[in-house]
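The block underneath contains the structure these notes are about, expressed in structure tokens.
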Amino acid sequence: MLNTQKIAFIGAGSMAEAIIGGLITEQLIDPKQVIATNNANEKRLQELEEKYGIQTTANNETAIQNADIVVLAMKPKHLTEAAEQINAFISDQLIISVLAGISTSYIEESIGKSISVIRAMPNTSAKVGASATSLCKGRFAYDEHIQKASSLFSAIGTVTILSEEKMDAVTGVAGSGPAFFYYFVEAIENAALEAGLTENETKELIAQTLTGAARRLRNTDKSARELYMEVMSPAGTTEAAFEVLENHNVKEHVKNSVLRAIERSQELGATPAPFTSVNKQ
2 MLNTQKIAFI GAGSMAEAII GGLITEQLID PKQVIATNNA NEKRLQELEE
52 KYGIQTTANN ETAIQNADIV VLAMKPKHLT EAAEQINAFI SDQLIISVLA
102 GISTSYIEES IGKSISVIRA MPNTSAKVGA SATSLCKGRF AYDEHIQKAS
152 SLFSAIGTVT ILSEEKMDAV TGVAGSGPAF FYYFVEAIEN AALEAGLTEN
202 ETKELIAQTL TGAARRLRNT DKSARELYME VMSPAGTTEA AFEVLENHNV
252 KEHVKNSVLR AIERSQELGA TPAPFTSVNK Q
């Protein structure tokens, strides 16, 4: 489905690169069918062109004119300006937005046409073909559009189709989720290094431990609590570690962090920041 599609990315930040990298690594699209635009950072475009062999341009209009799929991947605050630049060139292209917190209706209104919009929330694990992506469709999108978007994002991980009211929760849980895990890994790394392990030893041990834990979680009906309780033994090392976590109310802090991410997604959707100029993407 994708091998004949031309895809334009408006915005060339980390999420755009994650998707581009995933598609090309999985050999699901020819790099020459991809074009990315960033009208303020020529060096960034050069990096992507050299790394992936894609086309780049500093002109949004040029990027979308021959595109079948347009991926909105700029920062949310730059949507209004980008919409003004491209609306005259939008006709029957599929619009896929990866903008955190921005609803399909807001995009439809910004572009000012009855366009097919799919809202997507992937995460940066797309770079290794392991994104957890959720999709929902706008008022003028049909099943064929959600199928096309699903085909695109299935190339870089798993896909879940949801109603739009759940997308802010997805943003907090899956969109921000990798950062939470990396944050905890950093703390474990610091402890391991302090205890005498080398950087290479630490990285290998932690990466394999995370991989195994993720596989265990996916392949069992047991809850996360049941799984961590399995690791504990009375007066053992894990129980001692959990005493520290419980004494500092870590679980509640983590929950509140996720809820704050969800709340921030809702804030972005309620009041997208006005643009001044597109300085960063």
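Mapped onto my numbering, the consecutive letters of the sequence shown carry residue numbers 2 to 282.
For glycine and all other residues, C-beta sits at the position ideal for the given N, C-alpha and C.
Per-residue DSSP class, three states only, for residue i
i, result
"P275", "Legend: pLDDT at P275 = 45, less than 50; position of this residue unreliable, value from coordinates given subsequently. Three-state DSSP puts P275 in coil, outside helix and strand."
"L153", "helix"
"V259", "helix"
"I87", "helix"
"T159", "strand"
"S104", "coil"
"A9", "strand"
"A236", "coil"
"S126", "helix"
"Q282", "At Q282, the pLDDT of 39 sits below 50, so the modelled position is not reliable and the matter cannot be decided from this model."
"S15", "helix"
"S111", "helix"
"M230", "helix"
"A193", "helix"
"Q47", "helix"
"H146", "helix"
"L29", "coil"
"K223", "coil"
"S164", "coil"
Distance between residue j and residue i (C-alpha atoms, nearest Å)
i, j, result
"I8", "I189", "40 Å"
"E110", "E200", "50 Å"
"P275", "Q209", "Interpretation of P275 is limited by its pLDDT of 45, a score under 50 that renders its predicted location unreliable; the figure taken from the coordinates is listed afterwards. Cα-Cα distance, rounded: 44 Å."
"N61", "Q94", "14 Å"
"E253", "K149", "39 Å"
"G23", "S135", "16 Å"
"S151", "L46", "27 Å"
"H146", "T203", "44 Å"
"G197", "T239", "19 Å"
"Y184", "S115", "42 Å"
"Q6", "A131", "22 Å"
"E51", "E187", "31 Å"
"L80", "I103", "9 Å"
"S106", "A41", "27 Å"
"T159", "A175", "11 Å"
"S98", "I119", "6 Å"
"N191", "A242", "15 Å"
"Q66", "F90", "6 Å"
"E85", "I112", "7 Å"
Rounded Cβ spacing between residue i and residue j (contact assumed at less than 8 Å)
i, j, result
"L49", "A156", "Between A156 and L49 the Cβ distance is about 18 Å, and since that is not below 8 Å, they are no contact."
"P32", "G54", "4 Å"
"A101", "L269", "6 Å"
"E43", "A64", "About 14 Å; that fails the 8 Å criterion."
"L153", "L3", "6 Å"
Residues that residue i bridges to, as DSSP identifies them
i, result
"T57", "A37"
"I65", "Note: I65 sits in no beta bridge, so no partner."
"K138", "I119"
"L290", "Here the chain comprises residues numbered 2 to 282, so residue 290 is not present and cannot be evaluated."
"T214", "Note that residue 214 is Ala in the sequence shown here, rather than Thr. Bridge partners of A214: none, in fact."
"A365", "Only positions 2 to 282 of the chain appear in the structure, and residue 365 is not among them; the question remains open."
"S177", "DSSP, once it has assigned bridges, lists no residue as partnering S177."
"A133", "T159"
Problem set entry | Stretch-stretch touch, CB-based, cutoff 8 Å, three pairs: the stretch 61 to 72 with the stretch 7 to 26 | Judged by pairs of C-beta atoms under 8 Å, the stretch 61 to 72 touches the stretch 7 to 26, as three or more such pairs exist.
Exercise. Do the stretch 19 to 29 and the stretch 115 to 128 meet, that is, are 3 or more Cβ pairs less than 8 Å apart?
Worked result: Touching, yes, given that three or more Cβ pairs across the two stretches are closer than 8 Å.
Exercise. Using 8 Å as the threshold, is the stretch 259 to 272 in touch with the stretch 168 to 178, meaning 3 or more CB pairs across them?
Worked result: Result yes; three or more Cβ-Cβ pairs closer than 8 Å.
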